[in-house]
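Read top to bottom, the protein sequences are chains X and E.
Each residue of the first sequence is one higher than the last, beginning at -2 in our numbering.
Each residue of the second sequence is one higher than the last, beginning at 13 in our numbering.
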Amino acid sequence: MRPGNPPSPGTVPLSVEILDPRSAPEPEGWVNFLSHQRLQPVWDYELLRLEAWLARNPPVLAVIRDGSRPVGALSVMVCRTWREQAFAPAPSGRTKALRPRWAEVYLPLLSGYPACVFAASLSTEERRDALRLFERELRRYLGAGLLGVVYRAMTAELVPAIDGPYRMSREIDPIAVLANRFSTFEDWSGTLAPEIRETLREVAADLDTTAGTGRRDLDAHELAALLNEHRARQDRRAWGQGQRARAGGLHMDTRSPIPPAYLDTFVRRSDVITRTYRDARGKLLAFNTMIDHPDSPAIHHWAALSGMDGGRRNLYVDCYAHGVRHMIERGLPELTAGRALLGNKTALGFGTRELSSVAVPKPVLGR
Amino acid sequence: MTAVWSASYRRIVRSAFATVPLYRERWALDGREDPVVVPGKRGTDGGALGAGEMARKRVDLVPLAGGSAEFDPCRGLGPVLADARPAGRGTVVAVLDPAIRRPPADLPRGVRGCWLDSEALPPAAMAELVSTLRRNGKVIAVGPDKTLGMLTAALPEDVAARVGAVPQRRLDELDGGPFGVLHDPALGYLGAFRDCGRWHVDWRNVFVRATSGGLAFTVLTQRSPRLVDILIAGGVRGRVEPCPRHGTPVVLT
């Protein structure tokens, strides 16, 4: 464990441990922390390890400890490129480099949730100190080539602890959220426009739909191929409409394709519901994964064949309806549904929760 | 030659590990050997993939930068034909494999190539073959034995015997010649039976190594789909040795 700066009066004695999931064993106390903080499954260390091995810009995990007890964590993409089409080099034992890199505190596979979590017991001031300590440790870990840190998709609750002088903060696309104010599914469906109700009745009526947790009957490669194609199509449309961030006309995309091995592990989890839609010949038309979280279930991956390839229009309405039904029947407080295509989600009754990004350039890191 | 050949292969392995999703996933999580890319992980069958799995996951054989996911079963005919039955200027090369359905694209300059449907040999193409043979030109026909037989049966007797037949063989059906080319439906043409009586690998374009799953083939010169360490023909056990006469690699099954 890397010790932090010695505590000064009035600050908590925190330390930060930074690990590369590809080579480091699971940090001590991590499973308990996951369970106490009720973190989403993307924080599972095995999934982080898979994500890191199969990413262009792989995550490292920063664990903030109070003594030996984890009280916070950040998933940090170490970005060497937004253009180069290559996976990150395998870990060599040397983490420092002069090569320019930047860090993004971001969950690329669950982009509406912050990649920064704290135990509720930490005050804003303590969180601020912990984050400054994290930034100093990250600078030490990555070396002189670190250009800065971008905290992406942070909630309003976290921004005060991150923001400060010479730090640039801006609001980004919000996450779609449906608060559970319904007693029955019919309460919700009654709020929909007639044409959406009509779609809901008919769109999947003749399809073979299977849903469940811990699915072991799926071909992860088939899912990944459909998902990556869907995502590429959606990105093309989003970039065509100027929805994604650009700098100097460049598409600043630090994400990677979603690998089959990751999906394979993900859909086998007991807290992930996977719904597949197949036509009469067994062809996969669409699928969805939903995170069955007790506080904030999330409609996660959604992928569908395009109409040109034999897909069916508006199939997502059926998927969302099942998500809403799940939320209502289990009495869960809300349902989230990502940050893209907010217009479609608004039509299904979703509101939004604001998110912000904060950029911290090198000169103010740790200050 | 072996050192240069191996160096080319190692460069392709490093590149595939860095840029091609299927190899990245397989070798990062399970490992591979010769060369090892993740210390401590040696993989299954040395990291080689079965041809069926490769075909099923071919979308992940495309490097991150993009490229074609289509196999070219006619790839490599030009180089292997130079070893199997050299074609001079004016030669017509006819491919008769119903599974290929495309003409060769890498024949030497001055050599014409075509693909012929052996079930319905087109009269115009047949007339051209007959005309070439009657002008003392050279015609080379490449394909499975059955389709080669169909072609010669359809030609007039006076020219049929002058067609240079080059039967194509899968790795699990290599024979004693006197002519032949080694073919795989996904990797294309991989080697040829030469005058020394051995099956030579097209070493400038293809690498082969023995693994516990059988002989694993790599196409060194194709960017996408990237084909590295593929166990063709269901995995055939064998050895790779230098030819005592030519000094270049031969496969012994």
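Beta carbons are placed, not taken as given, at the ideal position from N, Cα and C, and that holds for glycine.
Since the model is a prediction, treat every value here as computed from it, not as a measurement.
How is histidine 227 (chain X) classed by DSSP in three states: helix, strand or coil?
Of the three classes helix, strand and coil, the one that applies to histidine 227 (chain X) here is helix, per DSSP.
How would you call glutamine 180 (chain E), buried or exposed, if buried means at least 16 neighbouring beta carbons within 10 angstroms?
So glutamine 180 (chain E) counts as buried.
Per DSSP, which residues does methionine 151 (chain X) bridge with? Please list them.
Methionine 151 (chain X) pairs with X:Ser353.
Which stretch, first to last residue, makes up the beta strand (DSSP E) that contains phenylalanine 182 (chain X)?
Element bounds for phenylalanine 182 (chain X): not the beta strand (DSSP E) but the alpha helix (DSSP H), 182 to 186.
Quick one: grab the DSSP three-state call for proline 110 (chain E).
Of the three classes helix, strand and coil, the one that applies to proline 110 (chain E) here is coil, per DSSP.
Which stretch, first to last residue, makes up the alpha helix (DSSP H) that contains tyrosine 317 (chain X)?
Element bounds for tyrosine 317 (chain X): 312 to 327.
Just the Cα atoms here: how many angstroms apart are tryptophan 215 (chain E) and glycine 155 (chain E)?
The straight-line gap from Cα to Cα measures roughly 22 Å.
With a CB to CB cut of under 8 Å and the five nearest residues on each side skipped, what residues in its chain are close to aspartate 160 (chain X)?
Here the set comprises Ser166, Val355.
Residues in the stretch 18 to 38 of chain E with C-beta within 7 Å of chain X's C-beta atoms, listed in sequence order?
Per Cβ criterion, the list reads Ala30, Thr31, Pro33, Arg36, Glu37.
Which residues does DSSP list as the beta-bridge partners of valine 254 (chain E)?
Here the sequence assigns proline to residue 254 (chain E), which means valine is not the residue at that position. Per DSSP, E:Pro261.
Between valine 178 (chain E) and proline 254 (chain E), what straight-line distance do the alpha-carbon atoms span, to the nearest angstrom?
Cα to Cα, valine 178 (chain E) sits roughly 23 Å from proline 254 (chain E).
Cβ of arginine 327 (chain X) less than 9 Å from any chain E Cβ?
No, arginine 327 (chain X) lies away from the interface with chain E (no Cβ there is under 9 Å from its Cβ).
Looking at the structure shown, is histidine 290 (chain X) part of a helix, part of a strand, or coil, going by DSSP?
Three-state DSSP puts histidine 290 (chain X) in coil, outside helix and strand.
Quick one: what's got a C-beta closer than 6 Å to proline 33 (chain E)'s C-beta in the same chain, skipping five residues either side?
Excluding residues within five positions, the ones whose Cβ falls inside 6 Å are Asp72.
Closest Cβ-Cβ distance between valine 50 (chain E) and chain X: below 9 Å?
So yes, valine 50 (chain E) belongs to the interface.
Just how far apart, CA to CA, sit valine 147 (chain X) and proline 291 (chain X)?
Straight-line Cα distance between these residues: approximately 29 Å.
On the premise that isoleucine 172 (chain X) lies in contact with threonine 333 (chain X), defined as a C-beta separation below 8 Å, what is that separation, rounded to the nearest angstrom?
Confirmed, Cβ separation roughly 6 Å.
Pull the bridge partners of alanine 208 (chain X) from the DSSP assignment, please.
In the DSSP output, where bridge partners are listed per residue, alanine 208 (chain X) has X:Arg272.
Below 9 Å between beta carbons: does that hold for lysine 150 (chain E) and valine 104 (chain E)?
Yes, the pair counts as a contact, with Cβ atoms nearer than the cut-off.
Under 8 Å Cβ-Cβ, which residues of chain X neighbour valine 68 (chain E)?
Per the sequence shown, the amino acid found at residue 68 (chain E) is arginine instead of valine. Those are His218, listed as they occur along chain X.
Could you tell me the alpha carbon to alpha carbon distance between cysteine 86 (chain E) and leucine 194 (chain E), rounded to whole angstroms?
Each residue's Cα considered, the two are about 12 Å apart.
Between which two residues does the alpha helix (DSSP H) harbouring proline 24 (chain E) extend?
This sequence places isoleucine at residue 24 (chain E); proline is not what is there. Start and end: 14 to 31.
Is it the case that the stretch 134 to 149 of chain X contacts the stretch 321 to 333 of chain X, given that we only count it when at least three CB pairs across the two stretches are under 8 Å?
Contact fails: fewer than three Cβ-Cβ distances are below 8 Å.
Under 9 Å between C-beta atoms, does leucine 16 (chain X) make it to chain E?
Closer than 9 Å: no.
Specify the secondary structure class of leucine 362 (chain X) as computed by DSSP and reduced to three states.
Reduced to three states, the DSSP call for leucine 362 (chain X) is coil.
Comparing alpha-carbon positions, which option in E:Arg101, E:Leu202, E:Glu140, E:Asp57 lies nearest proline 91 (chain E)?
That would be E:Leu202, whose Cα lies nearest to the Cα of proline 91 (chain E).
Please compile the residues from chain X whose C-beta is within a distance smaller than 7 Å of the C-beta of alanine 8 (chain E).
As shown, chain E starts at 13 and ends at 265. That puts residue 8 (chain E) outside it, with no answer to give.
In terms of residue numbering, what span does the alpha helix (DSSP H) encompassing tryptophan 50 (chain X) cover?
Unbroken alpha helix (DSSP H) run through tryptophan 50 (chain X): 42 to 50.
Does any residue of chain A bring its CB to less than 9 Å from the CB of alanine 150 (chain X)?
The structure shown contains no chain A; the protein chains it does contain are X and E.
Indicate the three-state DSSP secondary structure (helix, strand or coil) for leucine 128 (chain E) in the structure shown.
Coil at leucine 128 (chain E), not helix or strand.
Name the chain E residues whose beta carbon is nearer than 9 Å to that of leucine 51 (chain X)?
The answer, in chain order, is Pro33, Arg36, Glu37, Ala40, Leu41.
My output table needs one value for methionine -2 (chain X): the three-state DSSP class, helix, strand or coil.
Bear in mind that a pLDDT of 39 at methionine -2 (chain X), under 50, signals an unreliable position, so the number given afterwards is only what the model happens to contain. Coil, per DSSP.
Any beta carbon of chain E sitting closer than 9 Å to that of tryptophan 79 (chain X)?
Cβ-Cβ to chain E under 9 Å: no for tryptophan 79 (chain X).
By the criterion of Cβ-Cβ separation under 7 Å, what are the contact partners of valine 71 (chain E) in chain X?
Near valine 71 (chain E) (Cβ distances below 7 Å), the residues of chain X are Ala222.
Quick one: is leucine 365 (chain X) near chain E, going by C-beta distance under 9 Å?
Chain X is shown from -2 up to 364; residue 365 (chain X) falls before or after that span and cannot be answered.
Kindly list the residues whose CB is nearer than 7 Å to the CB of alanine 172 (chain E), restricted to its own chain and excluding five residues on each side of it in sequence; keep chain order.
Counting only Cβ-Cβ distances below 7 Å, and skipping sequence neighbours, we find Thr164.
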